[in-house]
Amino acid sequence: MTAPAPAPPRDRMLPAYVLAGIAFGVVLTKGELVSWFRIQEALRFDGFYLYAVFASALAVAAPAFALLERRRVRSFAGDFVAVPPKALGRGIRYAGGGAIFGLGWGIAGVCPGPLFALLGAGVGVIAVMILGALVGTWVYGYLRPTLPH
Amino acid sequence: MPELLTRPWPWYVTGPLVGLTAVALLVIGNKQFGVSSNLRHLCAAWFPRNLGFFRYDWRSQGLWNLVFALGIVAGGFVGGVLLRNPDPVAITARAHADLAALGIRDFSGLVPADVFRWGVLLSLKGVLLIVGGGFLIGFGTAYAGGCTAGHGITGLADLQLPSLIAVISFFATGALASRFLLPLLLP
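Now the structure itself:
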């Protein structure tokens, strides 16, 4: 008799990701990155707030990433920290996909993190926008074999 | 709620904390900070339809990201409801005038009540803005393989050229859409 295949072990770090998500959701709302007003202010070049957030986020993350990778630090899960490089290829997916996302971002004034945060903040109609985003993602999956990358 | 807890955070607190979120996910379990992949994971879980893009083990690859997104929803409740800032978002006077000229009247809250309400879905403009905007966000981030988080923070912090291309691209078309498309779609 063969024993049934063991269920894959549940990632014991899951609670830590939930906590990180909660913290990030608070940062998004208290930092007003979920605010349509802040996004339009930035995209219309009427203020520097969003650019200052990006610059200071990168000023923290870039040196920290480099240090973690160079020192071969192990994560709590046990593996070495390493950010896999994205394949450039012809680069069409990055220029084209980025351009399409940007159009949606400019129209909606919301990007994916805020989609989830605004749902929690009680903006009900955001659920419809998330549904639209799911349809968009699915249609990409459907058309992917025909699209240049 | 004491004013200290409800007032919004300045950029020099917000930005570094966004950066630290990306660092924390690497340290916890070597995970790359990103949000838009969740849209792919949800499609893979709910209607994969045998499409190659959705044929992977979303549980082993995406569960961490989905619970992270669930946390974001909860954090949005904490920051947007429990610690709600009673004052309007302090955008610049120039931004205020600019948006008022587009017809925005209600500047209270995180998003304009003129736009983000159920009734807006009764007009074609409103559907294009809410559903069409969402569609482009989903399609574009899936195509590009990342959004403002995955490319804008993780990719740029790792000095990756593909992410720089994506970021320049979405800021450029974002600015164009805000200037030329948004005025056509506001109610």
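So the sequences go chain by chain: A and B.
Going by this note's numbering, the first residue of the first sequence is number 51, and it counts up by one from there.
Going by this note's numbering, the first residue of the second sequence is number 20, and it counts up by one from there.
Cβ atoms here follow ideal geometry from the backbone N, Cα and C, with glycine treated the same way.
None of these values were measured; they are calculated from a predicted model.
Within 10 angstroms of the beta-carbon of Gly-174/B lie 16 or more other beta-carbons, which makes it buried. Gly-34/B is positioned such that its CB atom lies no closer than 8 Å to that of Val-160/A.
With a contact defined as Cβ atoms closer than 8 Å, Ala-167/A and Gly-94/B qualify at about 6 Å. By the Cβ-count criterion, Phe-151/A is buried, with 16 or more other Cβ atoms from all chains shown falling within 10 Å of its own Cβ.
Residue-level contact by beta carbon fails for Arg-121/A and chain B, as no gap is shorter than 8 Å. The alpha-carbon separation between Ile-47/B and Met-63/A amounts to approximately 7 Å.
DSSP places Phe-130/A in the strand class (E or B) of the three-state scheme.
Within the same chain, no residue comes within 6 Å of Ile-91/B by CB-CB distance, once the 5 residues on both sides are set aside. Annotated as proximal: Ala-194/B and Gly-156/A, with beta-carbon spacing under 8 Å. At least 8 Å separates the CB of Pro-198/A from every CB of chain B. Contact annotation: in the segment 83-105 of chain B, residues whose CB is within less than 7 Å of a CB in chain A are Trp-83, Val-86, Phe-87, Ala-88, Leu-89, Gly-90, Ile-91, Val-92, Ala-93, Gly-94, Gly-95, Phe-96, Val-97, Gly-98, Gly-99, Val-100 and Leu-102. In the three-state scheme derived from DSSP, where H, G and I count as helix and E and B as strand, Arg-120/A is classed as helix. Between Val-84/A and Val-37/B, the C-beta gap is not smaller than 8 Å, which leaves the two residues out of contact.
In terms of Cβ geometry, Lys-136/A and Gln-179/B form a close pair [threshold 8 Å]. In summary, the residues of the segment 85-98 of chain A whose CB is separated from some CB of chain B by less than 9 Å are Ser-85, Trp-86, Phe-87, Arg-88, Ile-89, Gln-90, Glu-91, Ala-92, Leu-93, Arg-94, Phe-95, Asp-96, Gly-97 and Phe-98, in the order they occur in the chain. In this structure, the beta-carbon distance from Gly-99/B to Gly-170/A falls below 8 Å. Only buried fits Leu-118/A, as 16 or more other CB atoms lie within 10 angstroms of its CB. At a cut-off of 8 Å between C-beta atoms, Arg-140/A does not count as an interface residue with respect to chain B.
The C-beta of Trp-77/B comes no closer than 8 Å to any C-beta of chain A. An exposed status is given to Leu-138/A, since fewer than 16 other beta-carbon atoms sit within 10 Å of its beta-carbon. Look at Arg-74/B here: in three-state DSSP terms it is coil, with no helix or strand label. For Pro-202/B, the three-state secondary structure derived from DSSP is helix. In the DSSP assignment, Val-68/A falls within the alpha helix (DSSP H) that extends over 64-80. Distance check between Ile-110/B and each of Gly-97/A, Ile-142/A and Tyr-101/A places Gly-97/A closest, using alpha-carbon atoms only. Asp-177/B sits close to Phe-115/A, with the two beta carbons spaced by under 8 Å.
Taking 8 Å as the threshold, the shortest C-beta distance from Pro-35/B to chain A falls below it. Across the set Val-54/B, His-60/B, Trp-28/B and Cys-62/B, the C-alpha of Trp-28/B shows the shortest separation from the C-alpha of Lys-80/A. In the pairwise beta carbon analysis, the segment 75-85 of chain B is classified as touching the segment 55-64 of chain B: at least three pairs are separated by under 8 Å. For Asn-84/B, the secondary structure class from DSSP, reduced to helix, strand or coil, is helix. Between Ala-70/A and Thr-40/B, the beta carbon gap of about 6 Å places them in contact (Cβ cut-off 8 Å).
About 10 Å separates the beta carbons of Leu-102/B and Leu-23/B, which is beyond the 8 Å limit, so they are not a contact pair. At a Cβ-Cβ threshold of 8 Å, Asp-129/A and Asn-49/B count as neighbours. Proximity to Val-42/B across Ala-107/A, Ala-158/A and Asp-61/A peaks at Ala-107/A, based on C-alpha coordinates.
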